[in-house]
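Chains as they are written, first to last, in my numbering: chain U, 2 to 117; chain P, 14 to 130.
Glycine included, C-beta positions come from ideal geometry on N, C-alpha and C.
All values derive from a computational prediction rather than experimental measurement.
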Amino acid sequence: GAGVSQSPSNKVTEKGKDVELRCDPISGHTALYWYRQSLGQGLEFLIYFQGNSAPDKSGLPSDRFSAERTGGSVSTLTIQRTQQEDSAVYLCASSLNPTSITGELFFGEGSRLTVL
Amino acid sequence: AQTVTQSQPEMSVQEAETVTLSCTYDTSESDYYLFWYKQPPSRQMILVIRQEAYKQQNATENRFSVNFQKAAKSFSLKISDSQLGDAAMYFCAYKGGPTRANSKLTFGKGITLSVRP
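Below, the structure written as structure tokens:
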């Protein structure tokens, strides 16, 4: 597609359930990022994938959060045993050349997660 | 660790007027990049402008310009001739120099800009 695609756009779930959020980056972009945007907060870095390198998981808030990227393209962010504090907008971004000034991040429209 | 601070949560500007959004950051690095992103109600973040720390000249993109003060670690965004479509949340962001470890952006908390007709 022309841009970063995320699904679902909105997700309402019950506390304790698992959820999966999907990100389809721009074709050819080797770098993929997940960020979390909570109300009144900035964007919180979660995880970063670059090519075949080991992902940078330093931002994952707990072991309930995990992410994978299959075939260097589509990524899935999984949240197990969701808690109310997980409610946020989860933003995915991709980049063609992440280490340079021209390595602009292209964002999707995000997945809004509401945990009841 | 690098931090980005946007101390103004909200600002308002009259259409056609000029507004300046403030941002400060903290880093021990000498080579880095700074960005302003816009997030309209659609939630999709859009790059507004970027600045390389080693460049003394302030970046300009049409009605958008920055005032980059490296010694003061300040990076403000000036929007001239404000338009209704400029109403959005604006995020200041920092990225370290060109190594893999520095490839992620650190964002401020954002500022909500409203434009009065």
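- By the 16-neighbour rule on beta-carbons within 10 angstroms, U:S96 is buried.
- In this structure U:L106 is buried. Its beta-carbon is surrounded by 16 or more other beta-carbon atoms within 10 angstroms.
- Where P:G109 is concerned, the enclosing beta strand (DSSP E) starts and stops at A101 to G109.
- Each residue's CA atom was taken as its position, placing P:Q27 and P:I92 some 11 Å apart.
- For the stretch 21-43 of chain U, the residues whose beta carbon sits under 9 Å from a beta carbon of chain P are, in order, A32, Y34, Y36, Q38, G41, Q42 and G43.
- Each of P:A101, P:R56 and P:A66 was checked against the Cα of P:S41, and the nearest Cα belongs to P:A66.
- Interface annotation, P:F104: in contact with chain U, CB-CB separation under 8 Å.
- Taking P:Y38 as the centre and dropping the five residues before and after it, the same chain places the C-beta of V17, K86 and Y107 closer than 6 Å to its C-beta, in chain order.
- The beta carbons of U:Y36 and U:E45 sit about 6 Å from each other, so the pair counts as a contact at 8 Å.
- Interface criterion not met: the Cβ of P:Q21 is under 8 Å from no Cβ in chain U.
- For P:G123, the residues of chain U that pass the 7 Å Cβ criterion are G43, in the order they occur in the chain.
- Around the C-beta of U:G41, fewer than 16 other C-beta atoms lie within 10 Å, and the residue is accordingly described as exposed.
- The C-beta separation of U:V20 from U:K12 comes to about 6 Å, placing the pair in contact by the 8 Å criterion.
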